[in-house]
Structures are given as structure tokens and as C-alpha cells.
Amino acid sequence: MSGPGPEPEPVHEPAHHTQPPAAHAPTGAAPVQEPTLPEPPVQQPAAPQPPVQQRPVQQAPAPEPAAPQWPVHQPPVQEPAAQEQAGQQPPVQQPPVQEPTVQQQPVQNQAPAAPASVFTPRARPAAPAPEPSLGAVRAAASSATPASPDAILIRRTMTEIEPVADKVTSYFYALLFVQYPDLRALFPASMDTQRDRLFKALLTAAQHVDDADVLTAYLANLGRGHRKYGTVPDHYPAVGECLLAALGRYATSSWGPETEAAWVRAYTAISQIMIDAAAADEAVAPAWWHAEVVSHELRTPDIAVVTVRPDQPYPFLAGQYTSVETPWWPRVWRHYSFASAPRSDGLLSFHVKAVPAGWVSNAMVHRARPGDVIRLGAPGGSMTVDHTTRSGLLCVGGGTGIAPLKALVEDVAEHGIHRPVEVFYGARSDHDLYDLDTMLHLEKAHPWLSVRPVVATGPAARGGTSSETGQLPDAVRQYGPFQEYDAYLSGPPGLIRSGVDALVGAGVPADRIRHDSVEELVAAAD
4 MSGPGPEPEP VHEPAHHTQP PAAHAPTGAA PVQEPTLPEP PVQQPAAPQP PVQQRPVQQA
64 PAPEPAAPQW PVHQPPVQEP AAQEQAGQQP PVQQPPVQEP TVQQQPVQNQ APAAPASVFT
124 PRARPAAPAP EPSLGAVRAA ASSATPASPD AILIRRTMTE IEPVADKVTS YFYALLFVQY
184 PDLRALFPAS MDTQRDRLFK ALLTAAQHVD DADVLTAYLA NLGRGHRKYG TVPDHYPAVG
244 ECLLAALGRY ATSSWGPETE AAWVRAYTAI SQIMIDAAAA DEAVAPAWWH AEVVSHELRT
304 PDIAVVTVRP DQPYPFLAGQ YTSVETPWWP RVWRHYSFAS APRSDGLLSF HVKAVPAGWV
364 SNAMVHRARP GDVIRLGAPG GSMTVDHTTR SGLLCVGGGT GIAPLKALVE DVAEHGIHRP
424 VEVFYGARSD HDLYDLDTML HLEKAHPWLS VRPVVATGPA ARGGTSSETG QLPDAVRQYG
484 PFQEYDAYLS GPPGLIRSGV DALVGAGVPA DRIRHDSVEE LVAAAD
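Using our numbering, read the sequence shown as starting at 4 and increasing by one per residue.
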């Protein structure tokens, strides 16, 4: 289940290469006016059977507290803008239903209390292999392999619901919370586009059900990641039931027994992959890590470098990201890239920019202090270095997008294979190049590294192999050629859009461009 809130900083779910959205991907969904259900049509489709054997949701009966009981230092700082700039978490509107379809026990979703003692790093287990993103799933669908009968039926449904995707999404969640009200506890109080990623992921996975290898890897990662939300196997039948009901209500032309059966088979396969992956992960890793803030450095009024110590070994690769939850906004998770390669002391660093209406970012920048404890999800992402080659690296980062690129530079240095690395570091002004000194120090230590600061306005920044004034993509075009380079893009969606074009123009093959998730780009194009 996904967390909420528009937070314009890059959401780090790197894709292996740039790829346009699927032809019939659903459009961005509007916030749910939950849980009032629209009036059904005269001829309501028969209620689909749940794709997994239906069982009541059984959870421990203990009620969920308002917030995890973690040790938190809370200075008197202005609350982040969250509800019409009021700075308060909006109340949960309870479903106006007297007799839910299924009577269930409350879902327990409380994190266990973090240890009060200082955490001691232990030996780090092997880092997981990079996982494919949703973009990789869509890319795999472009193959010339003929579609299966089930895939054809599913894609017809997707084509029909595309114009009303926002209504389908709203109906799905409203139905879910009315028929299974205890599942509401798995979601934060405010729900919006970020939450709708679960629904989009299910639809896209079903649409590409023929691409078994890529789809399995993607769904396995999704199943592991959902552990931090408290998702258990008994939740999947409820989600499947409401998914099919929503599709059947709005895909009136393409829906029928054969189409319904195709969706049942697809969702059964999807959910089973996620359930099996979560079960396997449970045996080797926690659902989340507690991490104590050990350092909080405010680099600019709205950018902080936050360093934390996890309570147990945290395996990851340079260029990957994690999801972060703070004690001030329970069940609200945001993605942040690691700002360094794995360290011998086990510490993890993040560069966080406070953005308007950013619940987690404002908390991390303006409220977090040493001694506070946050939670981390499992690592993810595929924007990592292939150390089996000597290809050069072309790294283009804007704003806090410099964080994962810095980690990649450190990773190259630690592996000892000296290869040319070009870093273009862009910002609005010289003042906004908050991590330039660190990058220049790396450049001085490694002769194979070139750092080129680029500012949009004002005088050029001092230092680096060269300094440029203007737009970051334009600066990249001035250098090259980069045909033999692997390119990495990190930053806001606008930078990704223009950066891909600039890199292709500089000679980088499209399949060698790795970048942050295209999900924000898809939403902007809808």
C-alpha cells in the first residue's frame, strides 16, 4: 500500500533506460472523496470471485496508536504544510456504513519501539541485486512477441478505462474502505496521487502479464517493499475483489466472463509473486529498520544533510534509494537516495530538501535532530554501476540529485577500476551548489574525475574542471562525444525530460541512460 503527498523532489525509483509510458497506461488519479460510492448503473456486473482464496482479514485486535512510540526530540518548529497550509494532519473521515460487508478485527500497524541505546553497527550482509523498475516492465512490453489471449483482453480493458482512470481509482479505494474498513488503518490520513501508485502498479503489471521475467522481478521487489506497510497475505483477496469490481463497473463494453477470467488469472499470478517474495524476505530481513539520527547539517535554509545509524546492518548499493518514515507523520513514506557508497561504519546519509506541502521533507529538514529515530524501508533501484566494464560515467545532477551521483563516484573509487567520470552539477545559483566543496575535494583526490558546476543565473561557480552559466542540458551538449559512456540522470522531473534529450544529442545511446523514475513524467504528460 502506498503513502501519500505531493513532494516535488525526485522520487528515486531509477529505471535502466528512458522509456515512454505504455500506450494505455492509466492517467493520473484525482484524490478520493472517500468513501461515498457512486450510484451503480442499472445493470451491475456480477461480483467477481476473489482471485486468491478469500479469508477474513485476521490481525491482532490491539488498536493502533496515534503515532509510533519512538524517542523523539521535538523543538518548537513550524509544522510542514500539509492541509491547505494549516500544518495539521487532516482527520480521517470514517465510512458512513453501519454494516460492512465483512466484519473484521482492527489491523495492528504499530512499529515496535526502537531500542533506547545507541545502535552498534555489525557486519554488513551482501547487498541485494538492483531491481527493475516499472519503467523496465513497460520497456519489456515493447518486444515483438505476440500477446497472449489474456493480455489482449486485459489491454482492451485498459483502453476502455483510460479516459475515466481517475473515477476507476476513486471507486476502487472507496469500495475497498467500505467493504474492508479495517484496511483503512494501513493508509495515512491524507490520500492522493502517491497512494494511487499501488493501483497503477497493479494495472500496469496485469497489462504486461506476458513479460514473465521482468514482471516477476519487479513484483517481487514490490511485495518485499509492501511489508513496511503491514501488508499480509490475507489483504490480497480484498484488493483483488475490489479491483475487479471497479474494472467491471467502468469497462462496460469490454467486460464479460472471459475478460473477468483473464483478470482473475493475472491478479492471482501477480499477488502470488508478491506474497511469495514477502515470505522469503521475512526470513532474512526486517520489514523496516529503525535508524537514529547522529548528524543533522543544514546546508541551506531548506536543504539538510542527515546522517543516521541503522539498528542493524543495512545492505545497499551506491545509486540506490530507500523509503523514509518519520515519527511525526506515521505511515507517510518518501523515497530518498543514499548520498554515499556503503561505509565501513554502517552510517547512511541523505540530502533532503524541504518542499511546499512536503510532510516528510519538512520534518527531516526542520524538525529532525540528533537522537531522533526514523524508519527505513528496504533498498531499491537499479541506477547502479556495472563494475564489469571500463565504460566512462556521465553523471548529470540538479539540486539534491547530486546525492546519488556522489555515491556513484565513491563507488567507482572504492572498486579501483579507474574510468573517466564526468559530473555536471547544476543549480539555480552559486549559493545553491550546497555540496560543491565535497565534489571538488573528490575531484582533487581522483584524476579520472571531472566536476563541472553549472549555474542558471549569476556568475559562474568557482572551481572544477570547468564552470558554466546557463541551463544544465545546454552545458552537457558543449562537451563530448559521450558514445562510450553510461549516463546517469538525477533531479527533478523537468531535468529528466530535458536531460534525456541532451544526452542523446551528446551521443549517448538511449539504452545506456539511467535515470530516476519516469512516473512523475507520466503524470505530468497526462
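By construction, the Cβ of each residue, glycine as well, lies at the ideal position given by its N, Cα and C atoms.
Three-state secondary structure (DSSP) of residue i
i    : result
D489 : strand
L320 : coil
F427 : strand
S205 : Strictly speaking, residue 205 in this sequence is Leu, with Ser absent from that position. In this structure, L205 counts as helix in the three-state DSSP scheme.
H449 : coil
Y176 : helix
P512 : coil
T325 : strand
S298 : strand
P149 : coil
T219 : helix
Y232 : helix
V171 : helix
P476 : helix
P456 : strand
H390 : coil
R422 : coil
G383 : strand
R517 : strand
T162 : helix
Neighbour-count burial assignment, residue i, 16 or more Cβ in a 10 Å radius
i    : result
R372 : exposed
R465 : exposed
D153 : buried
Q486 : exposed
V562 : Lying before the first or after the last residue shown, residue 562 is absent from the chain, which here runs from 4 to 529.
S432 : exposed
Q481 : exposed
P240 : buried
R393 : exposed
P166 : exposed
I499 : buried
D535 : Residue 535 falls outside the range modelled here, since the chain spans only 4 to 529, and no answer is possible.
D440 : exposed
K356 : buried
A290 : buried
A448 : exposed
H1   : The requested residue 1 is not part of the displayed model; the chain covers only 4 to 529.
Enclosing alpha helix (DSSP H) for residue i [first to last residue]
i    : result
V376 : Unbroken run through V376 is the beta strand (DSSP E), V376 to L379; no alpha helix (DSSP H).
G497 : P496 to G508
R252 : H238 to Y253
L436 : Premise fails: L436 is in no alpha helix (DSSP H) and is neither H nor E.
P184 : Run containing P184: none; DSSP gives neither H nor E here.
W362 : W362 to H369
H211 : Segment: none, H211 is in no alpha helix (DSSP H) and carries neither H nor E.
D414 : I405 to H418
Residue span of the beta strand (DSSP E) that contains residue i, given as start and end
i    : result
W266 : From DSSP, W266 is part of no beta strand (DSSP E) but of the alpha helix (DSSP H) over P260 to E285.
S352 : L351 to K356
V401 : Per the sequence shown, the amino acid found at residue 401 is Gly instead of Val. Looking at the DSSP string, the run of the beta strand (DSSP E) that includes G401 is G395 to G401.
A307 : I306 to P313
S340 : W336 to S340
Straight-line gap, residue i to residue j (C-alpha atoms, nearest Å)
i    : j    : result
L506 : S364 : 30 Å
W266 : V242 : 13 Å
Q182 : D169 : 20 Å
I405 : R378 : 23 Å
V297 : P304 : 20 Å
D237 : L186 : 11 Å
S352 : W292 : 15 Å
T329 : A366 : 7 Å
A490 : V399 : 8 Å
T207 : V503 : 23 Å
A430 : I157 : 44 Å
S274 : W331 : 32 Å
V327 : A294 : 10 Å
T160 : A254 : 6 Å
F175 : T472 : 49 Å
G384 : Y324 : 6 Å
A478 : D213 : 41 Å
L445 : A410 : 11 Å
Min CB distance residue i to chain B below 8 Å
i    : result
L250 : The question asks about chain B, but that chain is absent: this structure has only one protein chain.
Any contact of the region 246 to 258 with the region 216 to 233, i.e. 3+ C-beta pairs under 8 Å? no
Evaluate contact between the region 319 to 336 and the region 408 to 419, counting only Cβ atoms and requiring at least three cross-stretch pairs below 8 Å. yes
Measuring CB atoms only, is the region 257 to 264 touching the region 308 to 318, in the sense that at least three cross pairs come out at less than 8 Å? no
Inter-stretch contact at 8 Å, needing at least 3 Cβ pairs: the region 417 to 424 / the region 503 to 519: no
Three-pair Cβ contact test at 8 Å for the region 359 to 376 versus the region 342 to 351: no
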